[in-house]
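First residue of the sequence shown? That's 919 in the working numbering, and the numbers climb one at a time after it. Glycine included, every Cβ here is placed at the ideal spot set by N, Cα and C. The structure under discussion appears below in the form of structure tokens.
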Amino acid sequence: MRISRRNFLHAASALSAATVMGCDRAVRFVGVPQPPGMPGPFAVAAAATVDPITHVLRRVTFGPRPGDHARVAGMGIDAYLEEQLHPERIDDYECHSLVRRNETVAAPLGELFEYKQDLLLRELTRASMQRAIYSKRQLYEVMVEFWTDHFNIAQSKGDCAWLKTADDRDVIRKHALGNFKDMVRASALSPAMLWYLDGRVNRKTNPEEKPNENYARELLELHTLGVHGGYTQRDVMEVARCLTGWTVRSEQRFFKGRVEFRKHWHDDGEKSVLGQTIPAGLGEQDIDRVIEIVTAHPSTAQYLAWKLCRRFIADSPPQPAVDAVANAFAESEGDVKTTLRALFATEAFRSSKDAKFKRPFRFIASALRATAAECDPNEALYQYLLRMGHTPFQYPTPDGYPEEAEHWMGSMLWRWHFTAALAQDRIAGTRVDWKKLDECAGSEQMLVAHLLGRSATPLENECCAQSAAGPVFMIASPAFQRF
919 MRISRRNFLH
929 AASALSAATV
939 MGCDRAVRFV
949 GVPQPPGMPG
959 PFAVAAAATV
969 DPITHVLRRV
979 TFGPRPGDHA
989 RVAGMGIDAY
999 LEEQLHPERI
1009 DDYECHSLVR
1019 RNETVAAPLG
1029 ELFEYKQDLL
1039 LRELTRASMQ
1049 RAIYSKRQLY
1059 EVMVEFWTDH
1069 FNIAQSKGDC
1079 AWLKTADDRD
1089 VIRKHALGNF
1099 KDMVRASALS
1109 PAMLWYLDGR
1119 VNRKTNPEEK
1129 PNENYARELL
1139 ELHTLGVHGG
1149 YTQRDVMEVA
1159 RCLTGWTVRS
1169 EQRFFKGRVE
1179 FRKHWHDDGE
1189 KSVLGQTIPA
1199 GLGEQDIDRV
1209 IEIVTAHPST
1219 AQYLAWKLCR
1229 RFIADSPPQP
1239 AVDAVANAFA
1249 ESEGDVKTTL
1259 RALFATEAFR
1269 SSKDAKFKRP
1279 FRFIASALRA
1289 TAAECDPNEA
1299 LYQYLLRMGH
1309 TPFQYPTPDG
1319 YPEEAEHWMG
1329 SMLWRWHFTA
1339 ALAQDRIAGT
1349 RVDWKKLDEC
1359 AGSEQMLVAH
1369 LLGRSATPLE
1379 NECCAQSAAG
1389 PVFMIASPAF
1399 QRF
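In structure tokens, the structure reads:
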């Protein structure tokens, strides 16, 4: 399969231009061990519109692999969703075997400082991509990405370069499908978060010293209630007082990076947060009281429900769906699995086909999953993410990478470059067995249906026929950018 890069980009541009109005409406590396190979013959419903199974697979995974549609058809959508809500029951040995080659990912906190910063970033990013591409625990990985943005930490700030690896493992991944209050507390006392939002220097050692409000503000604005959640500047100040005294040790090799509470740094007076009094003298228990108050607030349920619906339904999700998810969140006291069950039960989730635009990380992962690529996510793939503006763990501000489609339209040229390179096996460390992929599909039409989740339109068939890349050209199409 050979194709002129110039002709490929020209064809991709033509297809995009012809369909952009409709869109607005609505990549062989032999590793040791081997990545999971081609799963075998596959089938999709080659109908004119995206069928329910493909829609669900697109939303709760980083994109369907060959064989996924047939598997879900055999067990049923509801059974598949319930399976994904229990990742601990899913045998993910093959993916785990790949990830464990990144030795820093499992390194104890005290040992992380023995590694170079660039190795930590490279291995954490590589592990994240390996999991997105190869893990069978797909919903879990999707939620890991969601919470990584929600509790964003830029690895580039200070000791975050070393500490983010521990935060990813001990906060985000540990609690991704657990309880929200537990995750907020774990994040609040994460060494990386204490570094990133200056909690480690939040202290009040004399009457004139004012607490550092950085983390307190983001706790209310981004992590719990939301910017319109009804809190005041006074609440920010009081929360900051409650959180004084927590810091990160920076001395001694075996204790560096450990969190400790320094009583003489803590403001132990009475506080009032969101209308609730926190009595004096609680010391380090102040943080637990604050987290109980902010996570139980009605605005938190609404804000988290809206963010989840925005991720799984549409950039502007319907309010009835948000309300249903918020009720489940509140009634379950922040149980993430219960909340997601309620979301998946909404009509909006089941009917919002093609309403979302893939961010670059999802686009690359979905292309590699769809083609059953053998891939070592190395510098070559990282460079594509860099050019598209979506390198993991590198967003500088606390709000995390944006979700809405409008922020990612400018990445289309590099998506075309990526697709052209994938079609020509020009991405170092990545190879697709195109012959076997064609054989598994059975026909060109079925391969196109697998990539798009539906049969091709006349225009798509025409552009596909004109491209030397054949069906692979569809990865560059506007339709593949949506899910």
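- Excluding its 5 nearest sequence neighbours in each direction, Glu1202 has C-beta neighbours in its own chain below 6 Å: Phe1179, listed in chain order.
- Annotation: Thr1195 is outside any alpha helix (DSSP H); the continuous beta strand (DSSP E) that includes it extends over 1194-1196.
- The three-state reading of DSSP puts Asn1245 in helix, counting H, G and I together.
- At least 8 Å separates the beta-carbon of Tyr1052 from that of Cys1078.
- Under the three-state reduction of DSSP, Val1177 is assigned to strand.
- Your pair Thr1162 and Pro1129 checks out as a contact, with CB atoms roughly 5 Å apart and the cut at 8 Å.
- When C-alpha distances from Ala1223 are compared across Arg1207, Gly1199, Val1254, the shortest belongs to Val1254.
- Counting of Cβ neighbours within 10 angstroms places Arg1152 among the exposed residues, the total staying below 16.
- Secondary structure note for Ser1108: it is in no beta strand (DSSP E), with a DSSP letter that is neither H nor E.
- Within the same chain, and ignoring the five residues on either side of Asn1097 in sequence, the residues whose Cβ sits closer than 8 Å to its Cβ are Glu1251, Gly1252, Asp1253, Val1254.
- Measuring C-alpha to C-alpha distances from Gly1199 to each of Arg1159, Gln1048, Glu1362 identifies Arg1159 as the nearest.
- Residue environment analysis places Val1102 among the buried positions, since at least 16 neighbouring C-beta atoms fall within 10 angstroms of its C-beta.
- The shortest CA-to-CA distance from His1004 to any of Leu1258, Leu1365, Lys1271, Ala1285 is the one to Leu1258.
- In this structure, Leu1143 keeps its C-beta atom at 8 Å or more from the C-beta atom of Val1157.
- Around the beta carbon of Gln1170, a 10 Å sphere encloses fewer than 16 other beta carbons of the protein chains shown; the residue is thus reported as exposed.
- Ranked by Cα distance from Arg1135, the options Glu1126, Glu1127, Arg1305, Thr1150 are led by Thr1150.
- With fewer than 16 other beta carbons inside 10 angstroms of its own, Pro1197 counts as exposed.
- Non-local C-beta neighbours of Asn1132 in its own chain, meaning closer than 7 Å and more than five positions away in sequence, comprise Leu1115, Asp1116, ordered along the chain.
- By the neighbour-count criterion, in which 16 or more other beta carbons inside 10 Å mark a residue as buried, Gly1175 falls on the buried side.
- Taking a C-beta distance under 8 Å as the contact criterion, Pro1125 and Val1166 do not qualify as a contact pair.
- In this structure, Val974 is the residue among Ile1008, Val974, Ala1248 with its C-alpha nearest to the C-alpha of Lys1271.
- A straight line joining the alpha-carbon of Gln1220 with that of His1146 spans about 11 Å.
- Note: Trp1164 is bridge-paired with Phe1179 in the DSSP secondary-structure output.
- In the DSSP assignment, Val978 falls within the unbroken alpha helix (DSSP H) covering 970-978.
- For Phe1247, the closest alpha carbon among the candidates Arg1018, Ala965, Ser1234, Leu1261 is that of Leu1261.
- In this structure, Glu1063 is the residue among Glu1063, Lys1353, Gly1187 with its C-alpha nearest to the C-alpha of Thr1309.
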